[in-house]
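What follows is a short report on a single structure.
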Amino acid sequence: MTRLLAERAALGLLTLLAVSALLFFGTNLLPGDVASALLGQEATPEALHNIRVALGLDQPAWLRYLHWLGGALHGDFGTSLTSARSVGAQVLPRLGNTLVLAALAALVSVPLAVGLGLLSAMREGGILDRLISMLSLVTISVPEFFVGYVLTLVFAVQLGWLPSLAVMHGGMGFGERLAAIALPVATLVIVVLAHMLRMTRSALLSVMSAPYIEMAFLKGLPRSTVVLRHALPNAAAPIIAVVALNLGYLVVGVVVVEAVFVYPGAGQLMVDAVSKRDLPVVQACGLVFAATYVGLNTMADMLAIIVNPRLRRPR
Amino acid sequence: MSVPVPAPTNPDAGSRPGLGPSARVRTRLRPPVSALIGAGIVIVMVAAIILAPWIAPYAESQFIGGVWDPPGAASWLGTDNLGRDMLTRLMYGGRNTVGIAAVTTAIAVVLGTALGFIAATVGGWVDNVMSRCIDILLSIPVLISALMVLSVLGSSVPVLIGTIGLLEATRVYLVARAVARTIAVQEFVAVARLRGEGLAWIIGREILPNALPPLIAEAGLRFCFVVLFIASLGFLGLGIQPPAADWGSMVRENAQAINFALLAPLYPAAAIAALTIGVNLVVDWLLSMYARPSGHALEL
Numbered sequence: 001m002t003r004l005l006a007e008r009a010a011l012g013l014l015t016l017l018a019v020s021a022l023l024f025f026g027t028n029l030l031p032g033d034v035a036s037a038l039l040g041q042e043a044t045p046e047a048l049h050n051i052r053v054a055l056g057l058d059q060p061a062w063l064r065y066l067h068w069l070g071g072a073l074h075g076d077f078g079t080s081l082t083s084a085r086s087v088g089a090q091v092l093p094r095l096g097n098t099l100v101l102a103a104l105a106a107l108v109s110v111p112l113a114v115g116l117g118l119l120s121a122m123r124e125g126g127i128l129d130r131l132i133s134m135l136s137l138v139t140i141s142v143p144e145f146f147v148g149y150v151l152t153l154v155f156a157v158q159l160g161w162l163p164s165l166a167v168m169h170g171g172m173g174f175g176e177r178l179a180a181i182a183l184p185v186a187t188l189v190i191v192v193l194a195h196m197l198r199m200t201r202s203a204l205l206s207v208m209s210a211p212y213i214e215m216a217f218l219k220g221l222p223r224s225t226v227v228l229r230h231a232l233p234n235a236a237a238p239i240i241a242v243v244a245l246n247l248g249y250l251v252v253g254v255v256v257v258e259a260v261f262v263y264p265g266a267g268q269l270m271v272d273a274v275s276k277r278d279l280p281v282v283q284a285c286g287l288v289f290a291a292t293y294v295g296l297n298t299m300a301d302m303l304a305i306i307v308n309p310r311l312r313r314p315r
Numbered sequence: 001m002s003v004p005v006p007a008p009t010n011p012d013a014g015s016r017p018g019l020g021p022s023a024r025v026r027t028r029l030r031p032p033v034s035a036l037i038g039a040g041i042v043i044v045m046v047a048a049i050i051l052a053p054w055i056a057p058y059a060e061s062q063f064i065g066g067v068w069d070p071p072g073a074a075s076w077l078g079t080d081n082l083g084r085d086m087l088t089r090l091m092y093g094g095r096n097t098v099g100i101a102a103v104t105t106a107i108a109v110v111l112g113t114a115l116g117f118i119a120a121t122v123g124g125w126v127d128n129v130m131s132r133c134i135d136i137l138l139s140i141p142v143l144i145s146a147l148m149v150l151s152v153l154g155s156s157v158p159v160l161i162g163t164i165g166l167l168e169a170t171r172v173y174l175v176a177r178a179v180a181r182t183i184a185v186q187e188f189v190a191v192a193r194l195r196g197e198g199l200a201w202i203i204g205r206e207i208l209p210n211a212l213p214p215l216i217a218e219a220g221l222r223f224c225f226v227v228l229f230i231a232s233l234g235f236l237g238l239g240i241q242p243p244a245a246d247w248g249s250m251v252r253e254n255a256q257a258i259n260f261a262l263l264a265p266l267y268p269a270a271a272i273a274a275l276t277i278g279v280n281l282v283v284d285w286l287l288s289m290y291a292r293p294s295g296h297a298l299e300l
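Rendered as structure tokens:
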């Protein structure tokens, strides 16, 4: 099993390397480079040349890639074009904020989704099951900002319980921070909950049609025992996969949710950098988001190998 | 996606003795209520968008009142952040959202299907190389990929269509390849190969007709994703640039109104939601017909 796990981890690293190359060369091969973006209308050939030399753009692309990747490994992403500050110093604190947001959302949504999915699979076709199915169809089709603004309207504007903007500053106490972050977390939870819940339910139900489950029923076991003791262990692998997929989705969902609540996270930073065309910042954020995504998927596969003995045999 | 499909109005009609096979088929074909509601929503919205210049109450950027006037007889949904009629803006904004989404989806479906079919039919190293490349593309979240491209090329309608079309084509590729692989191993394809038919003939005449139902459902789902994608970019200020508007950028422009307990940003967001829910309901029906083993609809 250790060998399989190591193989999967190596594959994840390889994917990450390919992704970093794609991000770097993709942004470099597209027409228009940093120098012309920086100068805009005032670009004269001499000025362009000077800036290219200053930024090292006259070197071959693969050399710049290795330099960039080497720097990224110890947190040095170069210098921002618009603020002349170190990109790492800008991205890392923002990334911390984003991870707090995503982690809180995951902490609430994963147990809730698996629990409700179990409940609705236990009473398939019941009122709760049908209600959950309807609600999850609606939340899947609705854009994140719709959920965000509805929550703001109800809880921040009309009830006045929570602040409508998740602005963070140094002097805030723990309670204040929690209140500020409550609405963005709730929005993220609602957005990912439906999908996770539906997949948990369908993974369980597909296991439930197996003959050994019928056997368990025929022995006279109660439905809850059959679901929890007999079906759940075999449904664990697909459930873990969908949970990881949705945690990966959280990484993207935060970009929009951060914009709704003006939360100072990496997503906001990336969107700002894209509109200012600040390439080093965009590349750093892109790499960080993609690495989180690849990392989550790799971990999910490894967990699935640990949980399900059948996956341990090489096919 | 499986939605509890409401029972047909007359579930026993199909098996009632005395009815001929054609009557039975007709009953089976009758869509459930949810699909009819979905189709109704989509048809009404698309009609309103297409007919906007003739049926909209005001001109596209005509100022009719103050900022965020409440709904009233003069303007049913009130006014927007510049005092323009919200309903009129929704109709014209929908032209951008739906028009761009339709073109983008068409590109994604055609490109993804063609590549997926080629990979599945040719197989071997062609399939391997293409699938590994797509795997790498898929391991970056699509929104992040799109942001990377927009940061280099800037945001314009052709860039949006090209970028999102390419990114969504990778998803279509996965579905098209999986469907085509199950068809490509069947006897009639082997017979066509032995007859000496070329790749284009096998794909166009043998595989495509058999793969159509799941691909149509996939196209519907892709359309929903593309609508949400364009709206998200518009909301982030990176989609369609002013003075042109789409539903996503309208949410952004009117976002401040929420702090005054006004519904202005919720109207365009609700329009997006209604459209995607409508399409989803129809797609669910199509998928349930395809999945149902006794469903005659697809053999007709």
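Residue numbers (this note's numbering), protein chains in the order written: chain A, 1 to 315; chain B, 1 to 300.
Ideal placement from N, C-alpha and C gives every residue a C-beta, glycine not left out.
Nothing here was measured: the structure is a model prediction, and the numbers come from that model.
Name the chain B residues whose beta carbon is nearer than 7 Å to that of F145/A?
For the purposes of this step, residue 145/A is identified with residue 145 of the first sequence, where counting begins at 1. Here the neighbours are F235, V251, A269.
Please report the residue range of the alpha helix (DSSP H) in which Q268/A lies.
Here residue 268/A refers to the residue found at position 268 when the first sequence is read from its first residue. Here the alpha helix (DSSP H) through Q268/A covers 266-276.
Say whether the segment 103-121 of chain B touches the segment 240-248 of chain B, bearing in mind that this needs 3 or more beta-carbon pairs closer than 8 Å, one atom from each stretch.
no
Rank L286/B, L287/B, L281/B, L160/B by C-alpha distance to the C-alpha of S141/A and give the top, closest one.
To locate residue 141/A, count along the first sequence from 1; it is residue 141. Nearest option by C-alpha distance: L281/B.
From the DSSP output, which residues share a beta bridge with T79/A?
Residue numbering aside, residue 79/A sits at position 79 when the first sequence is read from its first letter. Bridge partners of T79/A: S86/A.
Can you give me, in chain order, the residues of the segment 136-148 of chain B that have a beta carbon less than 7 Å from any beta carbon in chain A?
I136, S139, I140, P141, L143, I144, L147, M148
With contact counted as at least three CB pairs below 8 Å, one residue from each stretch, are the segment 148-157 of chain A and the segment 262-277 of chain B in contact?
yes
If you draw a straight line from the C-alpha of R277/A to the C-alpha of V152/B, how long is it?
As a working mapping, residue 277/A is identified with position 277 in the first sequence. As a working mapping, residue 152/B is identified with position 152 in the second sequence. Approximately 7 Å between the Cα atoms of the pair.
Taking H74/A as part of the alpha helix (DSSP H), name the residues at either end of that continuous run.
Here residue 74/A refers to the residue found at position 74 of the first sequence. Membership of H74/A in any alpha helix (DSSP H) is not indicated, and neither H nor E is assigned to it by DSSP.
Could you check the C-alpha separation between L63/A and L22/A for me, to the nearest Å?
For this step, residue 63/A is matched to residue 63 along the first sequence. For this step, residue 22/A is matched to residue 22 along the first sequence. Straight-line Cα distance between these residues: approximately 15 Å.
Taking the beta carbon of P211/A as the centre, do at least 16 other beta carbons fall within 10 Å, making it buried, or is it exposed?
Translated into the one-based positions of the first sequence, residue 211/A becomes position 211. Flag for P211/A reads exposed.
Quick one: list the residues of chain A neighbouring I258/B, beta-carbon separation under 8 Å, in chain order.
By 1-based counting over the second sequence, the position of residue 258/B is 258. Ordered by position in chain A, the residues that pass the 8 Å Cβ test against I258/B are Y149, T152, L153, V157, S164.
How long is the line joining the alpha carbons of A102/A and L17/A, rounded to whole angstroms?
On the first sequence, residue 102/A is found 102 positions in, with the first residue counted as 1. On the first sequence, residue 17/A is found 17 positions in, with the first residue counted as 1. Annotation: A102/A to L17/A spans about 24 Å, alpha carbon to alpha carbon.
Classify S85/B as helix, strand or coil using the three-state DSSP reduction.
Indexing the second sequence from 1 puts residue 85/B at position 85. Per the sequence shown, the amino acid found at residue 85/B is Asp instead of Ser. Three-state result, D85/B: strand.
R315/A to S80/A span [Cα, whole Å]
Here residue 315/A refers to the residue found at position 315 when the first sequence is read from its first residue. Here residue 80/A refers to the residue found at position 80 when the first sequence is read from its first residue. Confidence at R315/A is low in this model, with a pLDDT of 48, below 50, so its placement is unreliable and no value can be given for it.
Any idea if P11/B is buried or exposed, counting beta-carbon neighbours within 10 angstroms, 16 or more meaning buried?
For the purposes of this step, residue 11/B is taken as residue 11 along the second sequence, with counting starting at 1. Low local confidence applies: a pLDDT of 40 at P11/B is under 50, so the model's placement there is unreliable, and no value is given.
Just the chain A side, please: which residues come within less than 7 Å of N280/B by C-beta, in chain order?
On the second sequence, residue 280/B is found 280 positions in, with the first residue counted as 1. Under the 7 Å cutoff, chain A gives L137, S141.
Near G115/A, what residues of its chain come up, given a Cβ to Cβ distance below 8 Å and the 5 sequence neighbours on each side ignored?
Numbered from 1 along the first sequence, position 115 holds the residue referred to as residue 115/A. No residues qualify anywhere along the chain.
Got a sec: is the Cβ-Cβ distance from L289/A to anything in chain B below 7 Å?
As a working mapping, residue 289/A is identified with position 289 in the first sequence. First, the residue type needs correcting, since residue 289/A is Phe and not Leu in the sequence shown. Closer than 7 Å: yes.
Select from the segment 60-83 of chain B all residues with a C-beta closer than 8 Å to any C-beta belonging to chain A, and list them in chain order.
none
Can T98/A and A231/A be called in contact, C-beta distance under 7 Å?
Translated into positions along the first sequence, residue 98/A becomes position 98. Translated into positions along the first sequence, residue 231/A becomes position 231. No, Cβ-Cβ distance for T98/A and A231/A is not below 7 Å.
Segment contact, 8 Å Cβ cut-off, at least three pairs: the segment 89-106 of chain B with the segment 147-164 of chain B
yes
Taking only runs of the alpha helix (DSSP H) that begin and end inside the segment 109-168 of chain B, which ones reach a length of at least 4 residues, in chain order?
124-138, 142-153
Measuring only between beta-carbons, confirm whether G286/A sits less than 7 Å from chain B.
Here residue 286/A refers to the residue found at position 286 of the first sequence. With 7 Å as the cut-off, G286/A counts as an interface residue toward chain B.
Look at the alpha carbon of V192/A and the alpha carbon of Y249/A, and state the distance between them as a whole number of angstroms.
For the purposes of this step, residue 192/A is identified with residue 192 of the first sequence, where counting begins at 1. For the purposes of this step, residue 249/A is identified with residue 249 of the first sequence, where counting begins at 1. Rounded to the nearest angstrom, the two C-alpha atoms are 8 Å apart.
Pair every Cβ in the segment 223-240 of chain A with every Cβ in the segment 297-307 of chain A, then say whether three or more of these pairs are closer than 8 Å.
yes
Indicate whether at least one CB of chain A lies closer than 7 Å to the CB of I277/B.
Here residue 277/B refers to the residue found at position 277 of the second sequence. Yes, I277/B lies at the interface with chain A (some Cβ there is under 7 Å from its Cβ).
CB contact flag (W68/B, A257/B, <7 Å)
Counted from its first residue, the second sequence places residue 68/B at position 68. Counted from its first residue, the second sequence places residue 257/B at position 257. Yes, the Cβ-Cβ distance between W68/B and A257/B is below 7 Å.
Any chain B beta carbon closer than 7 Å to R315/A:
In the first sequence, residue 315/A corresponds to position 315, counting from 1. Reliability fails at R315/A, whose pLDDT of 48 lies under 50, so the model's placement of it is uncertain and no value is given.
Span separating the alpha-carbon of L247/A from that of L296/A:
Start at 1 with the first residue of the first sequence, and residue 247/A comes out as number 247. Start at 1 with the first residue of the first sequence, and residue 296/A comes out as number 296. Taking the straight line from one Cα to the other gives about 7 Å.
Alpha-carbon to alpha-carbon, G93/B and T9/B:
Position 9 of the second sequence holds residue 9/B. Position 93 of the second sequence holds residue 93/B. With a pLDDT of only 40 at T9/B, under 50, the local geometry of the prediction cannot be trusted, and the value read off the model is given with reservation. Roughly 38 Å between the two C-alpha positions.
Examine chain A for any beta-carbon lying closer than 7 Å to the beta-carbon of S232/B, and answer yes or no.
Mapped onto the second sequence, residue 232/B falls at position 232. Judged by the 7 Å Cβ criterion, S232/B is in contact with chain A.
Cutoff 6 Å; reference S2/B; Cβ partners in own chain excluding five residues on either side:
Translated into positions along the second sequence, residue 2/B becomes position 2. For S2/B, the pLDDT reaches just 40, beneath the cut-off of 50, and the residue's location in the model is therefore unreliable, although a value from the coordinates is still provided. Within the same chain, no Cβ atom closer than 6 Å to the Cβ of S2/B is found once the five residues on either side in sequence are excluded.
DSSP three-state assignment for T170/B, whether helix, strand or coil
In the second sequence, counting from the first residue as 1, residue 170/B sits at position 170. Helix at T170/B.
Tell me which residues share the same chain as L197/A and place their Cβ nearer than 7 Å to its Cβ, disregarding the 5 neighbours each side in the sequence.
Position 197 of the first sequence, counted from the start, is the residue given in the question as residue 197/A. Here the set comprises A113, L116, G117, I132, S136.
Could you check the C-alpha separation between A7/B and P32/B for me, to the nearest Å?
Start at 1 with the first residue of the second sequence, and residue 7/B comes out as number 7. Start at 1 with the first residue of the second sequence, and residue 32/B comes out as number 32. Low confidence applies here, because A7/B scores a pLDDT of 40, under 50, leaving its location unreliable and the question unanswered by this model.
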